[in-house]
Amino acid sequence: MLQPLHTHRALRLPADKLTVMMRCWQSVLGVLIVLLLCNPARAQQADATDVDAPVPQQAQATPCVGLVLGGGGARGAAHIGVLQVMERERIPVCQIAGTSMGAIVGGLYASGYTTDELQRLIETLDWADLFVDDAPRIDRPMRRKDADFRYLLNLELGLRDGKVVMPGGLVQGQKLLLLLRRLTLSSWDVDDFSKLPIPFRAVAADIGSGQRVVLQQGDLALAIRSSMSVPGAFAPLRVDGHLLVDGGMVDNVPIDVVRDMGAGQLIVVDVGSPLHPEAALTNPVAIMDQMIGALMMEKTQRQLATLGSNDVLIRPELGDLSAAQFDRGKEAIAAGVAAAEAALPQLRQHAVDEARYAAFRQQQHRPAFDPGLVSFLDVLPVNSSAASARVQRTLQAEVGRPLEVDRLQQELGVAYSANRFQQLDYRLVERDGERGLQIVATERPWSVFGKFGFQLNDNFAGRNSYMISSELTVADINHWGAEWLTVLHAGHISGLYTEFHQPVGDGRFYLQPSLQAEAETLPLWASDQQIAEYRIKRRSLGMSMGYSPRPTFAISTGIVRGRDSSDELVGSPLDFNRDKQDFAAVVVNATWDSLDSINFPTRGWRFNADYEMYRQQLGADVEGDVLRLSGDWAHAWGRYHLLLGAQLSSALDDDHFFRAQSFLGGFLNLSGYDEHALFGNQAALLKAVVYRRTGDTTRLFSLPLYLGASLETGNVWLTRAAVDADNLVLAGSLFAGVDTPLGPMFLAYGYNDNGQASWYLTFGSLLRPMGR
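Numbered per the UniProt record's numbering, the sequence shown spans residues 1 to 772.
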């Protein structure tokens, strides 16, 4: 049996050695006590902290919590309100994990943004623009602007391996990714999310396997963007071999992720949408949404069941605020504040004093960021050398200049609008001590794609017409980026038009051979009465060359040769040459276009000039010069818009042949008349259109309704000598227009001072060119 130390003679030691041993035991016991009392979450925090960053002893000793931010789309703005209360109450956060909108708020907060900055971001973002991939129309190439006048749906179908392929989402998320890239630039060199000012994880789902993917390293902007790739709405992203979509489908409230990060105490914010009442389940879409919501809710309940007595669950009362109503961010933030204040007794258990909280938050500020000069530019290899060269050419001017994010993203938008990329991203990289840009260009998975369109005209008096259009484009045919476009029509215009667009040099020049074979049913009028109807046939071959130094301007010249002919369907013969007419002409065109839209424009202007020189020396039957001018200007004052337009067409020497004719009549082209009711060698039109957007203009997803009126004057004449201001026709209209997914649709009533009146139901736009 062991005896007490002071009676055990064999263990008696000299005083100096005993003193040394006692001190050693004291040190060991001290270490054991520290290990026993140390918070495991704090130990995890220490492991996740950048070893190069000094942390004050006071901040190291601060107890803190793990924060779980759930997904919920626009409802997730409530997270900001909860964070605002937590900051006010001095509740420190050691770890954050988020899903979907929770990943956006959590990722930005973890990288050092304040709650005030996040609130300003949510409330000032143009959400409607964010969910449109294309750059503003003013920055799109002139070739794409001209395509607007073909009135096609903004839905593209691809062709790959002989099969029709649809895009992975209604939106590719181009602008959303660039926004996240801008917001996370201060963390550009952080690969491990544990080394952010606050350790962070984003949760996504592998759509191929259905498994949860916890993103804890790599590219922060891509991680956040992947976590909110709502299936069907946003295209999925491929990251590290996984095809990722919104994490809400597998883990909408990632409690276990924060626990795995080492958090001992949690604050959980659940902003998931409630299930629909049974009375609302009246269609397949609602039932499918209910099924998905029920599955997500079941998984969320299993996670919430793991919470302990010291954990805090906050569920903001968001009422009818849906996941898509990003315009109601202010309401969501206020709901978050209210929910957090209702939980104050529980939250304050985790509060620390002001000095300790200030020291703790000091280490979580967003680091200062100075991008410096761009020393080099790398475009990651893409399949098409033409596409790679196009991007390199657009962005090469950035080298040697300080990085300006606004300018860079505008240039990326211009390159993206060439319609060749699924995604166009950039990253800051460092090489040999210099900082540069790496452009990541993800090409579309198909180079053959098509679009469709539909037009309808009905005057409610027995006269109607329709046209169905389809467009097929084969892109990047050769090393220089050639494109082959074919447009097919069926209806009152039927036939095809095809062209081969070949960029030359740096892409600002081009060559373009073309072929047209079309037929159009054309009613012809005289003295306000329809007296005949013809089927006009057009056949032509053309070759043009053009130059477009900037997206708003283009000039071209070319030669066209073909034949016009007509067949009388009903009515009396008219006094113009209806026989076959061979024609050949040199055509010069200049176009300036800075309009933001042709449907319901709010700003900008467009000017177009054509000069056509028909010559018998080129082997044709007709001769004469024709000048056509048109101009439109738009401006908006809040909800109110004004569009001013002018059009002029003149056969300069009164030469009388079919190609010299111009047509007026129809909605906004001397309203009250039927379409193409007036024709002549000389034509002029002036119009002013006023329209007002009605309803809630802040809503993200809606069908804008416009109410408007027009005042028009003009006429057609057979000769220049007959042109007389005294016989100008005065016309006007009242209309309602809806910007539908099929394009703008108008219901209008028109009247003119010749006593002609007509109702119109038509697809098209407010920019309606003079017929020819």
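All residues carry an ideal CB built from backbone N, CA and C; glycine is no exception.
Rounded to whole angstroms, how far is the Cβ of residue i from the Cβ of residue j, which I believe are closer than 8 angstroms?
i	j	result
Arg-606	Asp-632	5 angstroms
Gly-158	Arg-444	7 angstroms
Arg-160	Trp-446	4 angstroms
Gly-750	Ser-671	3 angstroms
Gln-516	Phe-500	Going by Cβ atoms, the distance from Gln-516 to Phe-500 rounds to 13 angstroms, so no, they are not a contact pair.
Met-545	Tyr-510	7 angstroms
Tyr-113	Arg-366	6 angstroms
Gly-450	Glu-471	6 angstroms
Gly-69	Gly-102	Correcting the residue identity first, residue 69 is Leu in this sequence and not Gly. 3 angstroms between Cβ atoms; contact.
Under three-state DSSP, which class holds residue i?
i	result
Ala-279	helix
Val-723	coil
Met-288	helix
Pro-367	coil
Arg-225	helix
Glu-623	coil
Leu-83	helix
Val-414	helix
Lys-195	helix
Gly-708	strand
Asp-146	helix
Ile-333	helix
Thr-713	strand
Gly-764	coil
Phe-576	Reliability of the predicted coordinates at Phe-576 is poor, the pLDDT of 47 falling under 50, and the value obtained from them is presented with this limitation in mind. Phe-576 falls in the coil class under three-state DSSP.
His-641	strand
Gly-70	coil
residue 773	What is shown of the chain runs 1 to 772, which leaves residue 773 out entirely.
Asp-476	coil
Gly-76	helix
Ser-309	coil
Can you check whether the CB of residue j is closer than 8 angstroms to the CB of residue i?
i	j	result
Val-253	Val-268	yes
Thr-124	Gln-84	no
Val-214	His-242	no
Ile-314	Ala-343	yes
Asp-397	Pro-141	Checking the displayed sequence, the identity of residue 397 turns out to be Ala instead of Asp. No, they are not a contact pair.
Leu-707	Asn-715	no
Gly-81	Gly-336	yes
Arg-659	Arg-693	no
Gln-422	Leu-380	no
Phe-667	Thr-762	yes
Phe-200	Gly-107	yes
Ala-609	Ser-649	no
Just list the residues that DSSP pairs residue i with in beta bridges.
i	result
Ile-314	Val-269
Pro-402	Leu-373
Val-440	Asp-425
Met-467	Gln-455, Gly-491
Gly-169	Gly-232
Arg-538	Glu-518, Asp-564
Met-543	Pro-513, Ile-559
Ala-634	Gly-604, Leu-643
Lys-687	Gly-645, Glu-712
Leu-237	Leu-244
Following the continuous alpha helix (DSSP H) through residue i, name the residue where it begins and the one where it ends.
i	result
Glu-117	115-124
Gly-106	101-110
Lys-175	174-183
Ala-355	354-362
Gln-346	344-347
Ala-128	127-130
Asp-256	255-260
Between which two residues does the beta strand (DSSP E) holding residue i run?
i	result
Ala-490	483-491
Tyr-611	604-614
Asp-593	581-593
Gly-680	678-680
Leu-244	242-246
Arg-212	212-215
Gln-756	No beta strand (DSSP E) holds Gln-756; DSSP gives it neither H nor E.
Pro-769	From DSSP, Pro-769 is part of no beta strand (DSSP E); its letter is neither H nor E.
Thr-740	729-740
Leu-744	Inspection of the sequence shows that residue 744 is occupied by Pro rather than by Leu. Note, Pro-744: beta strand (DSSP E), 743-752.
Arg-160	157-160
Phe-663	662-664
Arg-201	200-206
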